[in-house]
Amino acid sequence: MPQYKHIVVKPIAGAIGADIENVDISKPLSNDELSEIRTAFLNHLVICIRGQTLQPKSQLAFARHFGTPMIYPFVKGLDEYPEITPVIKEKEHKINFGGLWHSDTAYEQTPPLGTMLYARELPPYGGDTEFSNMYLAYETLSNGMRALLENLIAVNISGKGRVQDTRAPMRGTAATSAREDSFIAEHPVVRTHPETGSKIALR
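Its first residue numbered 0, the sequence shown is counted upward by one per residue in numbering that gives the first Met the number 0.
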């Protein structure tokens, strides 16, 4: 397991997830701190950095250390920070935004490294965002199933199936003029992560 000198990493569960402590991501971070956060992300897939106080500007500044934040094409972002999409569930909403199993924006030709969520207001119970370990999903397949999936290509369509319905509560003036069925991308069902070298089943 990696050794961390600048942050504290506490695994949440055996399959996925870790809490990161001893870091304030609203402030400038050293290259060593950022490197350790990235290492923790690659090893645990989902990282929780609790107790943070972030403004949109500082949230984007932190995100930019890991890549270029994208603008979600189908829901309007914040006026001054269009890369940040507010996810709001009011009591009259009957559908959860993104409320089905998916990989975020897999319909993009180059999907993002990950998704950064900042919880501003949470209900006392429910409202869970769930994650799955797709490394383990691949590793626990039979050899026959691995061979079957190895050379398959998945066609990802932004407006396919029930996914459009999950955007309904958030739909408004989108950040772009793109139609919801206009994004199509093909990706291998099984990919090798360029940093970890491990195979992953893409959902």
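Glycine residues also receive a C-beta, built at the ideal position from the N, C-alpha and C atoms.
Legend entry - Distance between residue 53 and residue 145 (C-alpha atoms, nearest Å): 42 Å
Inset, instruction - State buried or exposed for residue 77, treating a residue as buried only when at least 16 other CB atoms are found within 10 Å of its CB. - result: exposed
Legend entry - Whole-angstrom distance between residue 136 and residue 73, CA atom to CA atom: 30 Å
Inset, instruction - Alpha carbon to alpha carbon, how far is residue 119 from residue 184? Give it in angstroms, no decimals. - result: 33 Å
Legend entry - Neighbour flag for residue 38 against chain D, beta carbons, 8 Å: Absent from the structure: chain D. Only one protein chain is present.
Legend entry - Rounded separation between residue 27 and residue 83 - CA only: 20 Å
Legend entry - Residue environment, residue 8, which counts as buried when at least 16 other CB atoms sit within 10 Å: buried
Legend entry - residue 56, DSSP secondary structure in three states: helix
Inset, instruction - Could you tell me which residues DSSP puts in a beta bridge with residue 191? - result: 198
Legend entry - Test item: CB-CB of residue 14 and residue 132 under 8 Å: yes
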